[in-house]
Structures are given as C-alpha cells and as structure tokens.
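Chains as they are written, first to last, in this note's numbering: chain A, 1 to 278; chain B, 1001 to 1149. A virtual CB, placed ideally from N, CA and C, is assigned to each residue, including glycine. Reading through the structure tokens given below for one structure.
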C-alpha cells in the first residue's frame, strides 16, 4: 500500500483511500505502451539485422561537410564493391539525394517496407528530400503553441521509421548522416540495439575543433566506437590542425584530409579504411 | 496507465477510445465490480505527444504501416511521394466503398491517402465488413487510433 501525501488527505477527509502502485495492479493493461515501444525497437533491430555496421557521421558543428563526406564515402564503398546505404537524418536540411545524384521519384511500397532510392553507383538512400514538396520546410500536423514540446519527439519517431520501415536489405555499411549537434545522435543510440560507430567530420579551425570535441566526447560517453576523424576543406582559407588535434586527443586515426575539390582517390582511401575498421 | 476504483479496490478495465473533436483523445475505463466508468480526456498537446511516440492508447489490432507516423503527421509532403498513393487497397481489396466514404477518402491528402485507404480496407476485411461507409471509417479511426486520418 502506498502512503504519503495521500495519507494526509485521508486523515483530512476522514477516509482511507486504498491507493496502490502501478505494478500492484496486475490486470492486463490493454494499451501496453511499454510493449508497443518494445515492439518498435524490435522492428528496428529486425530491419537492420542484415546491416554489417551502422556508422553515424557526425560533428558538433554545422557547415563542415558531413553530408558531402557521407556521400563521398558511400559512393566509394559502392565503387569498391561494397553494399552501402545512406540514411539522411537531417530532416530539416536534407541534401543526400542531391549529393548522390538521385532524382526525386515516387517511393515504392513493397510488402511491409518502403524501397530505398538507389544511386547510379548502387548506394541505397532514404531522405526527407524524397518526401517533401520542393522548397517547403518540414511541417508536422499538431498544435502550434509550444510545438517545441512535441516536435523533437516527432523527429525521433521519424528517425525510427526511417530505420525500421525502409527495406535496407543486406548492407556492409549503413551511413547515417546526422544534422549538426548531438540530439539526433542520442536518438540514434536510443533506437539501435547497440551504439553506432562514429565517424566525425571537422574543418581545420580551432573553433570547429572545440565544437567537434564536445560531440566526440558525447559519443564516447555513450559507448560509441570512434572510427576516426575526417578533416575537410584542408586546402582552403581555414587555418588550423583540428583533425590531427582531435585524432590525438581521442586516440583515433585521422582517416582522411579532404581538399575542396577532392579526387576519387581521397574517398576510395577513406572507404578502404572504413572497411578495415572492425 | 491504469485506473483504480478506490471504492472497490479493483483495477478498472479499458473499454473504448474515442476522438470527440478539438484534438481531444478520450479513453473510457470501467470498474468490473461496480460498473462505474471514468473517462480520461487528454488535451491536444497530450494527444500530440501520444501520436508522436507512435503508440496507441488502448492498444492496436493491426500491423503498423510503413512510415505510418511520417505519412500521417507531415503536412508538407509531396502529393506523388508514394507510388501506391492512387492504387493499392491492401488486403481488403475487394471491399466496397460507399459513395459517401469515397468522397471522404478523396478529401484525404494524396501524401497519406494510399495508406489510409489500406488501413480502412484491412479493418473492414478483418471484421467481415463488406462495405466501407463513413460510420465504418469513424469506428476505425477511434478503434485504431488514427488521429487526424
């Protein structure tokens, strides 16, 4: 029997409310919300059972070229004969289909899943860009007031459905292109059976280094393996050694230094290193 | 969530859910001993949170549709985003649609119409319903938790 604040009410009103805990009540809870959540997780795990490794491409900083690096890596994996998929988890600024040169077309429904779009290289892809009207922001139905309360939950559910409801099939690597920041990474950790491996992208500057450091720390604290650091835009106006500094600090390799106009060898080298990492 | 009839000291049992309007989600529970019923009424914000989690108060009896939440909640989707948007009627293909039901279905945005049509058709098929009418659609919405569809 649970007592406490209610006990004082009991005394005041002269009644004895027999209040018990949730788990004291043993009749079936028909809603079964914990069971529904568990079923959602099982659906994600089942869909990804054929994926060799999920790799989150992340950075604490915007504008460093995460999507560019993700697309370059995905295409290089395909050129190397590997099966690769890219889940574009930047729902508000999706760019992956354009970077993979995938035209927007109708998504096909097969059995219990949506078929991913496929680039001419063979990279499978799913992105909010395939669903949204041209030029329109991602809009959700719901009360406009205080929408921040539920919008992030909806975006997390969107990530869950992109993982669970797209027919990813058998893949050597599923790359998840994350938006700037750490929130989407946390959602990914919550949804997957195990934390994803992480490839971080930075530009050379000290400002980028400091922002990316926070993201790497966050990923490490959540049990993610750090696969390495990609330093992007290395031959441009950005001075610094963020790539080397972060690699040294986190004891992870600097896996690629990418100039503004990289040739295929840069991506092919990165793909080889990503496939060697277990 | 569970409800306790404190007078009988019995757990109240879920009875039904409804969407009475204005974004309210209503769930009724009844005491199996004294028959007293209570209604849980969520405000639109709470209803939205439940929908955002992709769970159904009262449980669900049909398998989730691919991208069900995405298709049901996005307001800026392309009309032609899904190839099945104009055709597939699901397992319930062959179930008749009354003129009124077809008219109502036509008002559903193309982005989600194919999925909605399949859900209603499967609902009818599972219950041996030969014709889908607006009344059947209302029942399906309440029973299956199709907020806004």
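For residue i, the first and last residue of its enclosing beta strand (DSSP E)
i, result
"residue 1114 of chain B", "Where residue 1114 of chain B is concerned, there is no enclosing beta strand (DSSP E), although the alpha helix (DSSP H) it sits in stretches over 1110 to 1126."
"residue 1058 of chain B", "It is not in any beta strand (DSSP E) - residue 1058 of chain B carries neither H nor E in the DSSP assignment."
"residue 191 of chain A", "It is not in any beta strand (DSSP E) - residue 191 of chain A instead sits in the alpha helix (DSSP H) that spans 183 to 191."
DSSP beta-bridge partners of residue i
i, result
"residue 232 of chain A", "A/258"
"residue 157 of chain A", "In DSSP, residue 157 of chain A forms no bridge with anything."
"residue 1042 of chain B", "B/1025"
"residue 267 of chain A", "Note: residue 267 of chain A sits in no beta bridge, so no partner."
"residue 122 of chain A", "Bridge partners of residue 122 of chain A: none, in fact."
"residue 1082 of chain B", "A/107"
"residue 202 of chain A", "A/231"
"residue 173 of chain A", "A/53 and A/84"
"residue 1005 of chain B", "B/1010"
"residue 218 of chain A", "Answer is none; residue 218 of chain A lacks a bridge partner."
"residue 1018 of chain B", "B/1026"
"residue 140 of chain A", "B/1074"
"residue 986 of chain B", "Not covered by the structure: residue 986 of chain B. The range shown for chain B is 1001 to 1149."
"residue 149 of chain A", "Paired residues: none, contrary to the question."
"residue 197 of chain A", "A/55"
"residue 166 of chain A", "A/114"
"residue 132 of chain A", "B/1077"
"residue 1037 of chain B", "B/1030"
"residue 25 of chain A", "Answer by DSSP bridge pairing: none, since residue 25 of chain A is not bridged."
"residue 279 of chain A", "Outside the modelled stretch of chain A, which goes from 1 to 278, sits residue 279 of chain A, for which no answer is possible."
Proximity winner among the options, relative to residue i (alpha-carbon distances)
i, options, result
"residue 27 of chain A", "B/1129, B/1042, B/1010 and B/1038", "B/1010"
"residue 1037 of chain B", "B/1054, B/1133, B/1120 and B/1006", "B/1006"
"residue 208 of chain A", "A/124, A/246, A/89 and A/158", "A/246"
"residue 240 of chain A", "A/255, A/205 and A/257", "A/205"
"residue 1060 of chain B", "A/189, A/40 and A/150", "A/40"
"residue 18 of chain A", "B/1013, B/1024 and B/1008", "B/1008"
"residue 274 of chain A", "A/97, A/99, A/25 and A/230", "A/230"
"residue 125 of chain A", "A/110, A/139 and A/83", "A/83"
"residue 1082 of chain B", "A/212, A/116 and A/81", "A/116"
"residue 120 of chain A", "A/267, A/256, A/97 and A/202", "A/97"
"residue 81 of chain A", "A/44, A/122 and A/118", "A/122"
"residue 1076 of chain B", "A/103, A/134, A/62 and A/277", "A/134"
"residue 1029 of chain B", "B/1016, B/1021 and B/1022", "B/1016"
"residue 153 of chain A", "A/183, A/106, A/136 and A/165", "A/183"
"residue 50 of chain A", "A/89, A/171, A/92 and A/277", "A/171"
"residue 1031 of chain B", "B/1112, B/1039 and B/1025", "B/1039"
"residue 57 of chain A", "A/263, A/212 and A/248", "A/212"
"residue 272 of chain A", "A/188, A/99 and A/78", "A/78"
"residue 250 of chain A", "A/232, A/266, A/234 and A/210", "A/210"
"residue 64 of chain A", "A/158, A/217, A/130 and A/181", "A/181"
"residue 92 of chain A", "A/105, A/104, A/109 and A/139", "A/139"
"residue 45 of chain A", "A/164, A/235 and A/94", "A/164"
"residue 261 of chain A", "A/136, A/23, A/234 and A/145", "A/234"
"residue 1140 of chain B", "B/1128, B/1130 and B/1124", "B/1124"
"residue 1079 of chain B", "A/104, A/100, A/62 and A/24", "A/104"
"residue 54 of chain A", "A/32, A/88, A/62 and A/38", "A/88"
"residue 118 of chain A", "A/131, A/101, A/110 and A/37", "A/101"
"residue 187 of chain A", "A/158, A/203, A/201 and A/24", "A/158"
"residue 37 of chain A", "B/1024, B/1022 and B/1054", "B/1054"
"residue 90 of chain A", "A/113, A/146 and A/132", "A/132"
Range of the contiguous alpha helix (DSSP H) that encloses residue i
i, result
"residue 263 of chain A", "Careful: residue 263 of chain A lies outside any alpha helix (DSSP H) and carries neither H nor E."
"residue 247 of chain A", "242 to 249"
"residue 1105 of chain B", "1099 to 1106"
"residue 1143 of chain B", "1134 to 1144"
Cβ-Cβ separation, residue j to residue i (assumed contact under 8 Å), whole Å
i, j, result
"residue 226 of chain A", "residue 219 of chain A", "7 Å"
"residue 20 of chain A", "residue 1004 of chain B", "7 Å"
"residue 29 of chain A", "residue 1002 of chain B", "6 Å"
"residue 269 of chain A", "residue 254 of chain A", "So it is not a contact: roughly 12 Å between Cβ atoms."
"residue 66 of chain A", "residue 178 of chain A", "7 Å"
"residue 73 of chain A", "residue 175 of chain A", "6 Å"
"residue 85 of chain A", "residue 168 of chain A", "5 Å"
"residue 1067 of chain B", "residue 161 of chain A", "5 Å"
"residue 1044 of chain B", "residue 34 of chain A", "With a Cβ gap of about 24 Å, residue 1044 of chain B and residue 34 of chain A do not count as contacting."
"residue 267 of chain A", "residue 47 of chain A", "With a Cβ gap of about 27 Å, residue 267 of chain A and residue 47 of chain A do not count as contacting."
"residue 1012 of chain B", "residue 1071 of chain B", "Not really, about 34 Å apart at Cβ, beyond 8 Å."
"residue 1142 of chain B", "residue 1018 of chain B", "5 Å"
"residue 1133 of chain B", "residue 1101 of chain B", "5 Å"
Every unbroken alpha helix (DSSP H) inside the stretch 34 to 113 of chain A [4 residues or more]: 66 to 79 and 96 to 99
Positions along the stretch 1120 to 1139 of chain B whose CB lies within less than 7 Å of some CB in chain C: The chain inventory of the structure shown lacks chain C, comprising the protein chains A and B.
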